[in-house]
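According to our numbering, the sequence shown is numbered sequentially starting from 674. Heads up, the beta-carbon is just placed ideally off N, CA and C, and yes, glycines get one too. These numbers were taken from a predicted model, which means no experiment stands behind them. Worksheet: the structure to be examined is printed underneath.
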Amino acid sequence: MPATPHEASAPVCGRFAPSPSGPLHFGSLVAALASWLSARHAGGHWLLRMEDIDPPREVPGAADSILRSLERLGLTWDGPVLYQRTRRDAYQAALEQLQADGHVFACGCNRKQIAAAGLRGPEGPVYPGTCRNGLPPGRSMRMLRVRVTDRDICFDDRCQGRQCQNLARDTGDFVVLRFDGIHAYQLAVVVDDAWQGITEVVRGCDLLLSTGRQIWLQELLGLPRPGYLHIPLAVRHDGPKLSKRAGDAPLDQWPPGELLAHALRFLGQPVPDEYAPDATMPLLDFALSRWNPERIPSRRRLPAPAIPLP
Ligand code: GLU
Numbered sequence: 674m675p676a677t678p679h680e681a682s683a684p685v686c687g688r689f690a691p692s693p694s695g696p697l698h699f700g701s702l703v704a705a706l707a708s709w710l711s712a713r714h715a716g717g718h719w720l721l722r723m724e725d726i727d728p729p730r731e732v733p734g735a736a737d738s739i740l741r742s743l744e745r746l747g748l749t750w751d752g753p754v755l756y757q758r759t760r761r762d763a764y765q766a767a768l769e770q771l772q773a774d775g776h777v778f779a780c781g782c783n784r785k786q787i788a789a790a791g792l793r794g795p796e797g798p799v800y801p802g803t804c805r806n807g808l809p810p811g812r813s814m815r816m817l818r819v820r821v822t823d824r825d826i827c828f829d830d831r832c833q834g835r836q837c838q839n840l841a842r843d844t845g846d847f848v849v850l851r852f853d854g855i856h857a858y859q860l861a862v863v864v865d866d867a868w869q870g871i872t873e874v875v876r877g878c879d880l881l882l883s884t885g886r887q888i889w890l891q892e893l894l895g896l897p898r899p900g901y902l903h904i905p906l907a908v909r910h911d912g913p914k915l916s917k918r919a920g921d922a923p924l925d926q927w928p929p930g931e932l933l934a935h936a937l938r939f940l941g942q943p944v945p946d947e948y949a950p951d952a953t954m955p956l957l958d959f960a961l962s963r964w965n966p967e968r969i970p971s972r973r974r975l976p977a978p979a980i981p982l983p
């Protein structure tokens, strides 16, 4: 394992890893708050990683806007922010390790060809293994995939309970280097979580189904497995995921204490009867002293609160 910048650090190390595809929204605020409370309650570190690995999806100014929103909410992080765009060599080294160990193959299939095979998993079409034993005649490499095996990968999620995923059934061999030459999210996350010394991953349930792939990569790369806690995904009352790209109202319109109080209630945590809507420290101190992850609803989705504008 590569040396981590936090080797000699506290035993607990959490992180928040937003993608700069828009300003902080309520769903990412609750993920940030839950991981901050979990790490700080344990006296641990809380690191920030900007997942700007995907330039086409990046919105100019979003990374800075997310950092300013976290500061305004009093969610302070340790050390410098890690930017994934600076980490390509590390992802490439991990990819080469997988290749050297024979876990990776070139794939020449496009989405249409994969969908035409008709295999469906919980996240969409399952890769049918077409190029596993070599590119079929007439196809050239579009991406690199990692082989998976037909067995259950299980982990105990601290909020959602025991989870088991069979990658052969649910996703098939998955992409580690995309057709546009960008290292896949699954690979980057695993490399960075290990390098940053992350011991617990607290994030939204939209990533619950990614966890099996990440554990598989940790096993292949010989990296430690962090603990996992997936909080409910904040959805609109009428259903879809709250999205940074869907034009949700920027959180900065609301007083920060008011936002924290709503986020704490969403996480099932107590809120004082009275609090100053503009102050964050008293609320964060109150929440830290009473943090109990067992109170987080063990649901995959929960309606986001309708917060009236001041
Ligand atoms: N960058 C991902 C997102 O914003 C989160 C990754 C993670 O927490 O593992 O959805």
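DSSP three-state call for Arg-878: helix, strand or coil?
Checking the sequence shown, residue 878 turns out to be Cys, not Arg. Helix at Cys-878.
Considering Cα atoms alone, identify which of Gln-838, Ser-742, Ala-934, Asn-965 is closest to Ala-698.
The amino acid at residue 698 is misidentified as Ala; the sequence shows His. Answer by Cα proximity: Ser-742.
Mark Val-862 as exposed unless 16 or more other C-beta atoms lie within 10 angstroms of its C-beta, in which case mark it buried.
Buried, by the Cβ-count rule.
Give me, in chain order, the residues of the same chain whose beta-carbon lies closer than 8 angstroms to that of Asp-725; leave out the 5 immediate sequence neighbours on both sides.
Listed in chain order, the non-local C-beta contacts of Asp-725 below 8 angstroms within the same chain comprise Ser-692, Pro-693, Glu-731, Ala-736, Tyr-756, Gln-757, Arg-758, local neighbours out to five positions each way being set aside.
As assigned by DSSP and simplified to three states, the class of Ile-826:
Residue state, collapsed to three classes: strand.
Distance, Leu-840 Cα to Leu-808 Cα
Looking at the two C-alpha atoms, the distance is approximately 22 angstroms.
Give me the DSSP bridge partner(s) of Glu-873.
Per DSSP, Gly-900.
Is it buried or exposed, Glu-873, if we count other Cβ atoms within 10 angstroms and call 16 or more buried?
Buried: at least 16 other Cβ atoms inside 10 Å.
Measuring CB to CB, does Gln-859 end up less than 9 angstroms from Gln-887?
Taking 9 angstroms as the Cβ cut-off, Gln-859 and Gln-887 qualify as a contacting pair.
What is the rounded straight-line gap between the Cα of Asp-854 and the Cα of Leu-792?
Checking the sequence, you will find Gly at residue 854 rather than Asp. Taking the straight line joining both Cα atoms gives about 26 angstroms.
Ignore the nearest five residues each way along the sequence and tell me which others in Asp-825's own chain have a CB closer than 6 angstroms to its CB.
For Asp-825, where only same-chain residues beyond five positions count, the Cβ hits under 6 angstroms are Cys-837, Asn-839.
Rounded to the nearest angstrom, what separates Gly-920 and Pro-696 at their Cα positions?
In this prediction, Gly-920 scores a pLDDT of 45, lower than 50, which makes its location untrustworthy; the coordinate-derived value is nonetheless stated afterwards. Looking at the two C-alpha atoms, the distance is approximately 9 angstroms.
Looking only at its chain, what residues have a beta carbon closer than 7 angstroms to the beta carbon of Gln-926, apart from the 5 residues adjacent to it on each side?
Closer than 7 angstroms at Cβ, skipping near neighbours: Leu-982.
Do you know offhand how far Met-814's Cα is from Asn-783's?
Roughly 10 angstroms between the two C-alpha positions.
To the nearest angstrom, how far is the alpha carbon of Thr-844 from that of Ser-971?
Going from the Cα of Thr-844 to the Cα of Ser-971 covers about 24 angstroms.
Do Gly-747 and His-718 count as a contact pair if the criterion is CB distance below 9 angstroms?
Not in contact: His-718 and Gly-747 (Cβ atoms no closer than 9 angstroms).
Short check: CB of Val-703 to CB of Leu-771, under 9 angstroms?
Going by C-beta atoms, Val-703 is not nearer than 9 angstroms to Leu-771.
Does any heavy atom of ligand 1 sit closer than 8 angstroms to the C-beta of Ala-690?
In this structure, ligand 1 has a non-hydrogen atom nearer than 8 angstroms to the beta-carbon of Ala-690.
Where does Trp-927 fall in DSSP's three states?
DSSP places Trp-927 in coil when its eight states are reduced to three.
Among Leu-961, Pro-978, Leu-957, which has the Cα closest to the Cα of Arg-745?
The residue from Leu-961, Pro-978, Leu-957 with its alpha-carbon nearest to that of Arg-745 is Leu-957.
Could you tell me which residues DSSP puts in a beta bridge with Trp-868?
BP columns for Trp-868 are empty, so no partner.
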